[in-house]
Amino acid sequence: MKSYIKAISYYLPEKRLDNETIAKEFPEWSIEKIAQKTGIHTRHIADKNELSSDLGIASAKKLFQEYNIDPKEIDFVLFCTQSPDYFLPTTACYIQNELGIPKSSGAFDFNLGCSGFIYGLSIAKGLIETEQASNVLLITAETYSKFIHPKDKSVKTIFGDAAASTLVSAVEGAENKIGPFIFGTDGQGGKNLIVKAGGLRFPKTDESGTDFTDEYGNVRNDNSLFMNGSEIFNFSLREVPPVIEKLYTKANLTEKDISLFIFHQANKYMLDFLRKKIKISEDKFYEYLAEVGNTVSSSIPIALKNAIIEGKVAKNDNLILVGFGVGYSWGGCIINF
Amino acid sequence: MDINKFVRNFEDAIDNVDENTLSGESKFQEIAEWDSLALLSTLAMLDSEYNVSLSGEEIKSCSTLQQLFDLTISKK
């Protein structure tokens, strides 16, 4: 038994935050320069009462409708988020009920950011190819906007909220459609992309909610998202290129066997730099972030869906997907369409 | 590797800095164009031109471009 990506749909919240709005909030600052570097013009922002579970459910409903899939066919729900509804219960259980997925299905959450989609594919493949499940609904959903301090332009300009639903299904045959995989973890980098307070180690207090201003004029507090951009940049430059090399070796392929590369859509500047460093030709390197921003774990499925819509993916094409970020955590895989 | 080439590379990397406006003595963090993006551009330049990785803190610990150059050479 083998597994393959059968369907992808995604959902973006209605509310948008465009560069013009950000420019009005920070009149002393050149948004044009930032837009040029990040390649981002608009991000979608979840409403006050709209949670990652809501976005995830909306993306799954779109998937069911778009591909005429009956929720009764799903026998496993994987929910990837870092903005869950509760400490407990598990958001995936809530989602199972809301979507009318059978009680006989498995469901759990996993907490990863930009590497989450790769991990989700890996788990889904494992469940299917060991015949523990046949139709795995992998939902990636994130609302970093709820962690972002309104006066912290360093992250406000980058991140957008979104959810994607990917159906990974069983298929008879011997041909590998998902994998091989390469993973990596370096917990030393945890401090460089973090929401420090609000968990059990640092509960929210008056102190954690006290604003401070960094050397670049960004205001935040310990309840809000912090990103050390230069360290994240260095980490990506260090760890991403070897993933590509290892994938080539593991799959016994070379660059010319790969028709499209889709990386986590961090920001345009970093993507272009990585592309040049790894020496991937521009026509094989897909970017999709101008209208959505960096959507964390949904950035790869959203880009993949748009690459398919634009006709950039043909049957039997080999694609390389790479996710990297918060943790530090990273992972890459080859998929065959 | 010489300091003049290093200064030209730095001028190249930072947006809106004209060629031949800086020298080894320039306090690069005090120029008007220096910001968090300029820091990223400097990291990128060091990686692509010198194959050297410095942390943001290491870069910020340097005052002049000459000091940054010396630190870069020491990491080669």
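Order-wise, the sequence lines are chains A and B.
Under our numbering, the first residue of the first sequence is numbered 62, with each subsequent residue one higher.
Under our numbering, the first residue of the second sequence is numbered 120, with each subsequent residue one higher.
All residues carry an ideal CB built from backbone N, CA and C; glycine is no exception.
All figures in this text were calculated on a predicted structure; none of them were measured in a lab.
Buried or exposed (CB count within 10 angstroms, at least 16 for buried), residue i
i	result
threonine 161 of chain B	buried
asparagine 170 of chain B	exposed
glycine 117 of chain A	buried
lysine 238 of chain A	buried
valine 232 of chain A	exposed
glutamine 157 of chain A	buried
proline 163 of chain A	exposed
glutamine 326 of chain A	buried
glycine 251 of chain A	exposed
serine 64 of chain A	buried
proline 362 of chain A	buried
glycine 290 of chain A	buried
proline 145 of chain A	buried
tyrosine 155 of chain A	buried
aspartate 115 of chain A	buried
arginine 281 of chain A	buried
Three-state secondary structure assigned by DSSP to residue i
i	result
proline 303 of chain A	helix
methionine 288 of chain A	strand
glutamate 316 of chain A	helix
valine 256 of chain A	strand
lysine 146 of chain B	strand
valine 280 of chain A	strand
proline 241 of chain A	strand
alanine 185 of chain A	helix
isoleucine 162 of chain A	coil
glutamate 203 of chain A	strand
leucine 165 of chain B	helix
phenylalanine 125 of chain B	helix
serine 113 of chain A	helix
serine 172 of chain B	coil
alanine 231 of chain A	strand
threonine 191 of chain B	helix
lysine 214 of chain A	helix
threonine 142 of chain A	coil
serine 226 of chain A	strand
Presumed contact (8 Å Cβ cut-off) between residue i and residue j, rounded CB distance
i	j	result
serine 358 of chain A	threonine 201 of chain A	4 Å
asparagine 328 of chain A	glycine 100 of chain A	7 Å
glycine 386 of chain A	glycine 174 of chain A	5 Å
glutamate 316 of chain A	isoleucine 341 of chain A	7 Å
asparagine 367 of chain A	leucine 314 of chain A	That pair is no contact at about 24 Å.
lysine 345 of chain A	leucine 365 of chain A	At roughly 14 Å, the Cβ-Cβ gap does not stay under 8 Å, so lysine 345 of chain A and leucine 365 of chain A are not in contact.
aspartate 170 of chain A	alanine 194 of chain A	The Cβ separation is near 16 Å, so there is no contact.
Nearest candidate by alpha-carbon position, reference residue i, set the options
i	options	result
phenylalanine 244 of chain A	A:Asp131, A:Lys164, A:Asp213, A:Gly181	A:Gly181
lysine 123 of chain A	A:Leu73, A:Leu314, A:Val374	A:Leu73
isoleucine 339 of chain A	A:Val383, A:Ile370, A:Pro132, A:Lys311	A:Val383
threonine 204 of chain A	A:Glu159, A:Lys212, A:Cys141, A:Lys214	A:Cys141
isoleucine 131 of chain A	A:Val197, A:Gln249, A:Asn172	The question names isoleucine, yet the displayed sequence has aspartate at residue 131 of chain A. Checked all of A:Val197, A:Gln249, A:Asn172; the closest Cα to aspartate 131 of chain A is A:Val197.
lysine 376 of chain A	A:Ile396, A:Phe263, A:Phe178, A:Val280	A:Ile396
glycine 354 of chain A	A:Met62, A:Lys67, A:Arg77, A:Ala68	A:Arg77
serine 91 of chain A	A:Glu111, A:Lys214, A:Ala119, A:Glu192	A:Lys214
serine 155 of chain B	A:Val216, A:Glu86, A:Tyr147	A:Val216
Interface partners of residue i on chain D, CB under 7 Å
i	result
arginine 299 of chain A	No chain D appears in the structure shown, which is made up of the protein chains A and B.
**Prompt:** Given 8 Å as the limit, is there contact between the region 220–234 of chain A and the region 93–107 of chain A, that is, 3 or more CB pairs closer than that?
**Reply:** yes
**Request:** Determine contact between the region 304–317 of chain A and the region 278–285 of chain A, defined as no fewer than three beta-carbon pairs at a distance below 8 Å.
**Result:** no
**Prompt:** With a cut-off of 8 Å, do at least 3 Cβ pairs link the region 181–200 of chain A to the region 130–144 of chain A?
**Reply:** yes
**Request:** Say whether the region 167–183 of chain B touches the region 135–147 of chain B, bearing in mind that this needs 3 or more beta-carbon pairs closer than 8 Å, one atom from each stretch.
**Result:** yes
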